[in-house]
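Note that my numbering has the sequence shown beginning at 2, numbered continuously upward.
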Amino acid sequence: MDAAFTEEQDEIRRTLRELLHKRCGPDDLRAAVRTPEGYDPGLWRQLAHQLGLPGLALPAAYGGVGCGPTELALACEETGRVLMPSPLLPTTALVAPLVLALGTEEQRAELLPALASGELTGALAVPGGQLSTALALTARNAGDWAGGGRAGGIQARECGGGGERGAAGEWRLYGEAAQVLGGHSAGLLLVAAHAGGYARSRTLLFVVRGDAPGVVRVRQTAMDETRALGVVQLRNVRASLLGAEDAEGAEGVGGVGGVERALARAGAGAAAVLAAEAVGAAGAALERTVEYVKVREQFGRPIGSFQAVQHRLADLYVQVQAARSAACYAAWAVGGGAEGAEPGAPGLALAHALETLRAVAGEAVQLHGGIGFTWEHDAHLFFKRAACDELLFGPVHRLRAHAAETAGVFGDGATRAGVSA
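Below you can see the structure in the form of structure tokens.
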């Protein structure tokens, strides 16, 4: 692994940091989260048109930039530094990879260019708050997390006549998914639903337009306002299957475990991106805290001159640098740099990054004193991001445990993927 960044990667980081410094300050952030979308549409369009951010990791054949997971992780580290609210994570790290992996050529040609240009935003709707399980981050995703044929979850029923399933066949969805990232405003929903009843029980992904008849969406009140969440209700909604169910092989939805494998791969990529975001947020919180302890005085001297404070900040600095290294390695591994060598790297990187962000954010609140506990100060924004990300994608101990199981640390190594053989 070459740890040095290329000139192109450094330019991506520098350009994005300069733009976000101008357009995503503390006041801009607070205004953005109170919009109906939960983010600044003007900034999103600027990032899409000038930098191609939504299509950074998509192939050029589908309107993307043609970069890889490393470049996307570097970009997300910068967005994490300012806690930028945006549809970047659900659109670029979740929906686009699944469409690319499972979609038919017609679906890719229709959806990916719109996602890459930023004109269309996406969201992955998983029932029951099981997003981390569906992405094989905290458990194997070969279970009944999508409903399992029982009441609850989201159920899919094929009711079209004649023709190939997913092409001419008509599907109807019924159920509810909560805590959907960007689900209240996304133009495209990828819905994980249970199909087949008990006879042919399986989980499939369906494409649903956000404005389709029968779709009811409400934005949820969340602790972290910078992560907009929504409740998606599907009331006999017409949907199209992502991919063709009669496709053969690992990539087809008709292949054994095809959907689960695609979700696990998307989960690995999302874990690398989330780890980079958390590292960026932790680094920014640490920088702000270091600057503050230089000017806050106690007993007639800055508290930064006290050895105890210096030791606490030094420990945090080491932790942030270790998390950054792990996040970079995870992005490199997801991009194929360590294929088959470290299957648990993204999950471990995410666990370490979330733990680091939580530690840094907690110390930031403490060292800022009374002002750090107020809603008016930015310290609580970092603390909320740490807490909510761990609730959505963790907890940390389960991320580590599943990464160890995936890598075969405590077993014979027979199962080295997020799904069953």
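Glycine included, every Cβ here is placed at the ideal spot set by N, Cα and C.
Item, Value
"Excluding the 5 residues preceding and the 5 following A405 in the sequence, name in chain order all residues of the same chain whose CB lies nearer than 8 Å to its CB.", "G345 and F411"
"With a 10 Å radius around its C-beta and 16 neighbouring C-beta atoms as the bar for buried, classify Q180 as buried or exposed.", "buried"
"Would the beta-carbon of V208 fall within 8 Å of that of A245?", "no"
"Quick one: Cα of G363 to Cα of A282, how far?", "13 Å"
"Can you name the residues that DSSP bridges to S181?", "Ser is not the amino acid found at residue 181; the sequence shown has Val there. According to DSSP, V181 bridges with G231."
"Evaluate the contact criterion for the region 267 to 278 versus the region 326 to 335: three or more CB pairs, one atom per stretch, below 8 Å.", "yes"
"Let's test the definition: count the other Cβ atoms within 10 Å of the Cβ of H353 and tell me whether it reaches 16, buried, or not, exposed.", "buried"
"Label L17 either buried or exposed according to how many other C-beta atoms from any shown protein chain fall within 10 Å of its C-beta, with 16 as the threshold for buried.", "buried"
"DSSP on P1, reduced to helix/strand/coil?", "Nothing about residue 1 can be read from this structure; the chain reaches only from 2 to 422."
"Looking at C-alpha atoms only, which residue of A194, I372 and V233 is the closest neighbour of G183?", "V233"
"Taking C-alpha atoms, which residue in E159, A309, L73 and P114 lies nearest to D11?", "L73"
"Name the residue from P396, L317 and A32 whose alpha carbon lies nearest to the alpha carbon of A365.", "L317"
"Could you check whether R173 and N237 sit closer than 8 Å to each other, using their CB atoms as the reference points?", "yes"
"Check G211 in the structure and name its three-state DSSP category.", "coil"
"On the CB-based measure, 16 or more other CB atoms within 10 Å of its CB, does F374 come out buried or exposed?", "exposed"
"Quick one, which of E177, E377, F307 and P347 has its alpha-carbon nearest T71's?", "P347"
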